[in-house]
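Data block below; observations after.
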Amino acid sequence: MHIPDGYLSPQTCGVFGAAMVPIWTTAGRRVRRIVKSRYVPLVAIGAAYSFLVMMFNVPVPDGTTAHAIGAVLIAVVLGPAAAVVAVSIALTIQALFFGDGGVLALGVNTFNMAFVMPLVGYAVYWCACRNVPLTSRRRPIAAGLGGYIGMNAAALCAGVELGLQPTLFHSANGTPLYAPFHLSQSIPAMALAHLTVAGAVEFALTASVVGYLQRANLPLLRINHGAAPPTGRAHAPGPRLGRRWGLIGLATMIALTPLGLLAPGGAFGEDAPSDLALGKYHLTAIPSGLRHYAGFWHNALFDGYGFGHDNHPAMGYLISAIVGVAAIGAVIAAAFALASLRRRSPDVDDPLEAAKT
Amino acid sequence: MSASSTTPAWLLQSEVGLCPCACVGKRRKGRIIEKTTSGIAALLRQTLFSDDIADERGLLQRLDARVKVVSLLGLLVVAAFVRHIPVLLAMYAATLALAAASKLRLSFFVKRVWLFIPLFTGIVVLPATLNVVTRGDIVVPLGTWFGHHLGLTRQGLWSAGLVVTRVATSTSLVVLLTITTPWAKLLASLRALRAPRLLILVLGMAYRYLFHLLNAVSDMYVARRARTVTAATDTTSGRLLVGSSAGALLGKAQALSDEVHMAMIARGYEGDARSLDTFRLRLVDIEFVLACIAGAVATVGFDRLLGR
Numbered sequence: 003m004h005i006p007d008g009y010l011s012p013q014t015c016g017v018f019g020a021a022m023v024p025i026w027t028t029a030g031r032r033v034r035r036i037v038k039s040r041y042v043p044l045v046a047i048g049a050a051y052s053f054l055v056m057m058f059n060v061p062v063p064d065g066t067t068a069h070a071i072g073a074v075l076i077a078v079v080l081g082p083a084a085a086v087v088a089v090s091i092a093l094t095i096q097a098l099f100f101g102d103g104g105v106l107a108l109g110v111n112t113f114n115m116a117f118v119m120p121l122v123g124y125a126v127y128w129c130a131c132r133n134v135p136l137t138s139r140r141r142p143i144a145a146g147l148g149g150y151i152g153m154n155a156a157a158l159c160a161g162v163e164l165g166l167q168p169t170l171f172h173s174a175n176g177t178p179l180y181a182p183f184h185l186s187q188s189i190p191a192m193a194l195a196h197l198t199v200a201g202a203v204e205f206a207l208t209a210s211v212v213g214y215l216q217r218a219n220l221p222l223l224r225i226n227h228g229a230a231p232p233t234g235r236a237h238a239p240g241p242r243l244g245r246r247w248g249l250i251g252l253a254t255m256i257a258l259t260p261l262g263l264l265a266p267g268g269a270f271g272e273d274a275p276s277d278l279a280l281g282k283y284h285l286t287a288i289p290s291g292l293r294h295y296a297g298f299w300h301n302a303l304f305d306g307y308g309f310g311h312d313n314h315p316a317m318g319y320l321i322s323a324i325v326g327v328a329a330i331g332a333v334i335a336a337a338f339a340l341a342s343l344r345r346r347s348p349d350v351d352d353p354l355e356a357a358k359t
Numbered sequence: 004m005s006a007s008s009t010t011p012a013w014l015l016q017s018e019v020g021l022c023p024c025a026c027v028g029k030r031r032k033g034r035i036i037e038k039t040t041s042g043i044a045a046l047l048r049q050t051l052f053s054d055d056i057a058d059e060r061g062l063l064q065r066l067d068a069r070v071k072v073v074s075l076l077g078l079l080v081v082a083a084f085v086r087h088i089p090v091l092l093a094m095y096a097a098t099l100a101l102a103a104a105s106k107l108r109l110s111f112f113v114k115r116v117w118l119f120i121p122l123f124t125g126i127v128v129l130p131a132t133l134n135v136v137t138r139g140d141i142v143v144p145l146g147t148w149f150g151h152h153l154g155l156t157r158q159g160l161w162s163a164g165l166v167v168t169r170v171a172t173s174t175s176l177v178v179l180l181t182i183t184t185p186w187a188k189l190l191a192s193l194r195a196l197r198a199p200r201l202l203i204l205v206l207g208m209a210y211r212y213l214f215h216l217l218n219a220v221s222d223m224y225v226a227r228r229a230r231t232v233t234a235a236t237d238t239t240s241g242r243l244l245v246g247s248s249a250g251a252l253l254g255k256a257q258a259l260s261d262e263v264h265m266a267m268i269a270r271g272y273e274g275d276a277r278s279l280d281t282f283r284l285r286l287v288d289i290e291f292v293l294a295c296i297a298g299a300v301a302t303v304g305f306d307r308l309l310g311r
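Going line by line, the protein sequences match chains A and B.
Convert by adding 2 to the 1-based position in the first sequence; the result is the number in the working numbering.
Convert by adding 3 to the 1-based position in the second sequence; the result is the number in the working numbering.
So this is what it looks like as structure tokens:
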């Protein structure tokens with residue numbers, strides 16, 4: 003994901019470099035405000051650590067190797083603002099001294115790996131672990147998931163940046179001047195490598211380090227988790243703001259569902275057989291298998307997200323959305339109820355409580 | 004080269020304990036941990052070697068670090084705007100001339116640039132030469148694929164060549180800058196060019212800690228190997244070891260950070276840092292800047308002459 007110089011136009015590099023200036027300034031101010039004068043060695047150590055994490059290479063079956071970045075791990079331990087500064091510095095050292103990533107492309111690389119990755123990953127971790135005890139088994143999994151999603155978000159950004167080059171920058175005869183791959187090629191290429199190998203490595207490293215810190219060095223985990231209850235489940239119930247906002251968001255989305263009726267045409271591969279443009283696919287008749295199985299299920303309650311006729315399509319859409327959300331909620335509630343019935347052992351989230359019992 | 008007289012010989016060996024000509028000992032495929040430790044040794048070797056080169060008395064080593072930073076980064080921007088392979092090749096030839104004038108061994112310089120990034124770039128951009136990626140006039144037919152003609156297109160080859168030569172030129176310019184400038188001087192020059200003072204401070208400390216933590220990682224693996232009686236084949240324990248080592252390293256790093264902070268406070272740190280380096284422009288610096296400006300203008304002019 004370290005884009006070298008030459009792949010991106012100077013205009014792209016300039017835009018991303020300019021975009022990173024306020025991000026660096028804000029992150030620096032936040033870190034300075036939170037940890038005062040301690041931030042200089044703390045961030046420097048974070049940068050050196052991120053650099054080292056990138057050296058833990060894992061072999062990949064095709065003969066190459068993949069490595070983690072550690073941006074989400076640093077965000078979990080030191081906070082997202084510190085992660086932005088620390089990973090930016092690690093990338094700067096890599097670009098200047100080891101030729102890993104370009105100097106002109108530093109703004110782009112830092113945007114992907116030092117901004118998008120830690121923030122997206124930390125958002126996932128934060129959503130999954132608010133008010134959860136520091137020793138909860140949920141934290142390593144959430145941190146790993148944050149690392150996986152953060153890395154893939156960064157890879158998606160890199161794919162988009164590379165894929166835009168031939169469209170935006172080409173010679174008079176259409177020859178690409180920089181990265182030659184279009185979006186349809188660059189995004190799948192980046193996604194394949196990061197969804198399968200690099201993302202898995204990031205997940206494993208982030209989850210295992212957070213798990214290790216829970217077992218062996220809890221004070222380190224407290225640097226960025228001042229408000230989190232240290233152990234056990236018996237903590238003051240947090241504000242129910244998250245759930246309330248979630249319900250408001252859900253209701254808003256349900257109210258907006260009739261907007262789907264404004265979209266013209268249908269999705270590819272979802273047309274009714276009678277609506278197929280046969281000539282476009284060099285066909286003279288509907289394929290027999292398609293015709294035979296097309297009407298296999300006739301008993302849908304809200305066929306086509308409506309009442310089966312077109313008198314009140316918006317109302318049909320709304321009621322479909324409400325019934326769908328209620329059905330999903332009922333299935334999830336039933337699954338949780340089943341899981342809680344099966345849980346016979348006492349709570350082992352808290353090692354201290356477990357030791358007492 | 005004088006570098007070998009200052010860098011320890013054992014550090015220049017790829018595998019300590021084996022004869023460099025492979026006549027003694029048995030080489031085996033390393034595992035993840037061995038590869039990581041060998042990577043760390045390679046990193047240390049590369050850095051020490053770079054410091055040796057930065058101490059030579061070549062053209063670029065004699066220049067003011069600020070002049071080098073501004074001139075070579077300016078040429079980097081020019082290379083990014085160039086649209087023709089012959090012009091980029093001329094720029095690359097100029098970097099080779101600069102390397103020779105700076106007493107760099109050309110084989111080392113070329114290998115350092117071409118062995119890693121541009122070769123990787125070549126492999127990555129190779130598919131772009133096919134007509135399925137870059138449409139155009141097929142100049143090298145490769146047969147048919149499910150009824151479609153497959154071949155290398157003129158536009159694809161030109162585009163791939165452009166990317167590879169641009170990456171090679173850009174990398175050469177950055178390598179020239181970093182390999183001929185000691186780290187401390189490079190940071191001081193960035194500070195002199197009005198980079199934020201605290202950014203430079205953190206950057207300098209991170210670079211120093213890097214080697215401290217590298218040693219810590221190396222020590223941890225040596226300790227582990229010293230306590231391993233048989234060949235470790237359990238991949239699960241290997242994975243756990245990597246996770247625990249990374250976590251333990253984080254703890255060590257945090258402890259080091261606390262100690263350094265206390266030391267800084269004890270020495271009177273109040274949130275600001277002062278640099279001892281002073282810079283002075285000389286005639287050779289001005290001549291180099293003028294030569295770079297002339298080269299940049301000529302490059303852009305030739306590129307425009309060749310058309311868009």
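Beta carbons are placed, not taken as given, at the ideal position from N, Cα and C, and that holds for glycine.
Identity of the residues DSSP links to residue i by a beta bridge
i, result
"B:W148", "B:H151"
"A:P2", "Nothing about residue 2 of chain A can be read from this structure; chain A reaches only from 3 to 359."
"B:I141", "B:T156"
"B:L133", "B:L155"
Whole-angstrom distance between residue j and residue i, CA atom to CA atom
i, j, result
"B:L193", "B:L179", "16 Å"
"B:A187", "A:F113", "27 Å"
"B:A68", "B:G146", "54 Å"
"B:A294", "B:F112", "22 Å"
"B:V177", "A:D7", "10 Å"
"A:A77", "A:G161", "23 Å"
"B:G77", "B:L253", "38 Å"
"B:I126", "B:T132", "11 Å"
"B:G150", "A:L280", "22 Å"
"A:F205", "B:V287", "53 Å"
"B:A301", "B:G164", "22 Å"
"A:T72", "A:T208", "Checking the sequence shown, residue 72 of chain A turns out to be Gly, not Thr. Going by the C-alpha atoms only, they are around 7 Å apart."
"A:L343", "A:I330", "20 Å"
"A:Y9", "A:S52", "24 Å"
"A:V45", "B:V263", "12 Å"
"A:T14", "B:V90", "22 Å"
"A:I91", "A:V55", "14 Å"
"A:R242", "A:A218", "In this prediction, A:R242 scores a pLDDT of 49, lower than 50, which makes its location untrustworthy; the coordinate-derived value is nonetheless stated afterwards. Roughly 32 Å between the two C-alpha positions."
"A:P135", "A:G123", "19 Å"
"A:H4", "A:G104", "8 Å"
"A:P178", "A:S188", "14 Å"
"A:T94", "A:G326", "49 Å"
"A:N154", "A:G201", "7 Å"
"B:D222", "B:L259", "16 Å"
"A:F18", "B:R285", "35 Å"
"B:S110", "A:A50", "31 Å"
"B:V303", "A:A21", "27 Å"
"A:R34", "B:R270", "20 Å"
Supposed contact pair residue j and residue i - C-beta distance, whole angstroms, cut 8 Å
i, j, result
"A:A85", "A:P120", "4 Å"
"B:A195", "B:F282", "6 Å"
"A:L185", "A:L197", "Incorrect: roughly 17 Å between the Cβ atoms, too far for contact."
"B:Q64", "B:T174", "Not a contact, Cβ separation roughly 20 Å."
"A:A29", "A:A83", "4 Å"
"A:A193", "A:L158", "7 Å"
is_contact[residue i, chain C] using C-beta, thresh 7 Å
i, result
"A:A50", "This model lacks chain C altogether; the protein chains it does include are A and B."
May I ask you to list, following chain order, the residues of the segment 166–196 of chain B that have a beta carbon less than 7 Å from some beta carbon of chain A? V166, R169, V170, S173, T174, V177, V178 and T181
Could you name each continuous alpha helix (DSSP H) segment of 4 residues or more that falls completely within the segment 68–102 of chain A, going from the start of the chain to the end? 73–80 and 82–100
Please list the residues of the segment 100–119 of chain A that have a C-beta atom closer than 7 Å to any C-beta atom in chain B, keeping them in chain order. Within the segment 100–119 of chain A, contact with chain B at the beta-carbon level (separation under 7 Å) is assigned to G101, G104, V105 and L106.
Only counting runs of 3 or more residues, tell me where the beta strand (DSSP E) segments fall wholly within the segment 160–245 of chain B, in order along the chain. none
If you scan the segment 184–230 of chain A from start to end, which runs of the alpha helix (DSSP H) of 4 or more residues do you find wholly inside it? 185–195, 201–218 and 220–224
Contact list for the segment 160–179 of chain A against chain B, Cβ threshold 9 Å: P168, H172, S173, A174, N175, G176, T177, P178 and L179
When Cβ atoms are compared, which residues of the segment 83–99 of chain B fall closer than 7 Å to chain A? Listed by position along the chain: A83, F84 and R86.
Cβ-based contacts, 7 Å cut-off: residues of the segment 184–209 of chain A near chain B: Q187, A206 and L207
Any residues in the segment 12–25 of chain A with a beta carbon nearer than 7 Å to a beta carbon of chain B? Which ones, in chain order? Taking 7 Å as the cut-off between beta carbons, the residues of the segment 12–25 of chain A near chain B are P12, in sequence order.
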